[in-house]
Amino acid sequence: MDITVHRTGSNEAIINLFTRTFADSEGEAEGQVIGGLVHDLLTTTAEEDIYCVTATEDGEVVGCIIFTRLTLTDGPVAFLMAPVAVLTGCQGKGTGQMLIKSGLEKLKEHGVELVFTYGDPDFYGKTGFRPVSEDVVRAPLKLTYPEGWLGQSLAGTGIRPVAGRSYCVEAFNKAVYW
Ligand SMILES: CC(C)(COP(=O)(O)OP(=O)(O)OC[C@H]1O[C@@H](n2cnc3c(N)ncnc32)[C@H](O)[C@@H]1OP(=O)(O)O)[C@@H](O)C(=O)NCCC(=O)NCCS
Numbered sequence: 116m117d118i119t120v121h122r123t124g125s126n127e128a129i130i131n132l133f134t135r136t137f138a139d140s141e142g143e144a145e146g147q148v149i150g151g152l153v154h155d156l157l158t159t160t161a162e163e164d165i166y167c168v169t170a171t172e173d174g175e176v177v178g179c180i181i182f183t184r185l186t187l188t189d190g191p192v193a194f195l196m197a198p199v200a201v202l203t204g205c206q207g208k209g210t211g212q213m214l215i216k217s218g219l220e221k222l223k224e225h226g227v228e229l230v231f232t233y234g235d236p237d238f239y240g241k242t243g244f245r246p247v248s249e250d251v252v253r254a255p256l257k258l259t260y261p262e263g264w265l266g267q268s269l270a271g272t273g274i275r276p277v278a279g280r281s282y283c284v285e286a287f288n289k290a291v292y293w
């Protein structure tokens, strides 16, 4: 399996992967919503604000994870990790966690200090994410499930309280995703 980090461009294979995988797990409508989100992330985000990590097997994209900048007022350099998908028939073999780890290594090399995500604490806890109180770092939009706001420090310093707001990239700036 090949793991590759990209920073630019729209990619039909990636959009299709997310649309198919979320349609399988959450239903057709959610597949369309997440496919649309990924299209917007890939086509409207500035190159310096995105990392996209893919897993490819025999020329087919079987997994992908996207990281986009989370701007913290008066805080260190931070990125948001979402969404992630592994093709339904390829799940449960460690690909999801490999994508997360590869992405975190790349971000660390590039001087990123904090990474946040919004999701299942059990799954993301396996790769170092821990619950973050919004008293410590505020999510960019109002959260439906505040217990799903997770983060980790890549600098080994822990997450110190950050005053002020956080800002996601434009593609994520919709209440439906939060
Ligand atoms: C979530 C997802 C990316 C995981 O990919 P994967 O390659 O199957 O994951 P891995 O094989 O690396 O890890 C599997 C482990 O995570 C757990 N896991 C997988 N999906 C999980 C989920 N949705 N919730 C909680 N735990 C989950 C498995 O139980 C397994 O645990 P174990 O190692 O203790 O047995 C994949 O299942 C997927 O694409 N799901 C549909 C889309 C989705 O829900 N994405 C996440 C939200 S953005």
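Quick note, the sequence shown lines up with residues 116 to 293 if you use this note's numbering.
C-beta atoms are modelled at their ideal positions from N, C-alpha and C, and glycine is treated no differently.
As the structure is a computational prediction, the values presented were derived from the model and not from experiment.
- Would you check whether ligand 1 has a heavy atom nearer than 7 Å to the C-beta of K208? Using a cutoff of 7 Å, the CB of K208 counts as near ligand 1, since one of the ligand's heavy atoms is closer than that.
- Determine the burial state of A286: buried for a count of at least 16 other Cβ atoms within 10 Å of its Cβ, exposed for fewer. It counts as buried.
- Under three-state DSSP, which class holds H121? In the structure shown, H121 sits in a strand (DSSP, three-state: E or B).
- Message: In the DSSP output, which residue or residues are listed as bridge partners for C167?
- Response: H121, I181.
- L195 versus E224, G243, L265, D250, residue with shortest Cα-Cα distance: The alpha carbon of L195 has as its nearest neighbour, out of E224, G243, L265, D250, the alpha carbon of L265.
- Query: Less than 7 Å between the CB of A197 and some heavy atom of ligand 1, yes or no?
  - Reply: Flag set: Cβ of A197 near ligand 1.
- Mind checking whether the beta-carbon of A286 lies closer than 7 Å to any heavy atom of ligand 1? Result no, Cβ not under 7 Å from ligand 1.
- Item | Residue range of the unbroken beta strand (DSSP E) whose run includes G266 | Here the beta strand (DSSP E) through G266 covers 264-268.
- Query: Are V201 and T136 closer than 8 Å when you measure CB to CB?
  - Reply: In terms of Cβ geometry, V201 and T136 form a close pair [threshold 8 Å].
- Drop a sphere of 10 angstroms on the beta-carbon of P255, count the other beta-carbons inside from all chains shown, and report buried for 16 or more, exposed for fewer. P255 should be labelled buried.
- Message: Using only CA atoms, which one of V230, F238, V199 lies nearest to C167?
- Response: Comparing Cα positions, the closest option is V199.
- Less than 8 Å separating the beta-carbons of V227 and V192? V192 is positioned such that its CB atom lies closer than 8 Å to that of V227.
- Query: So who's on the other strand from V201, going by DSSP bridges?
  - Reply: Per DSSP, the beta-bridge partners of V201 are G178.
- In the DSSP assignment, find the alpha helix (DSSP H) that holds T158 and state where it starts and stops. Its alpha helix (DSSP H) spans residues 143-159.
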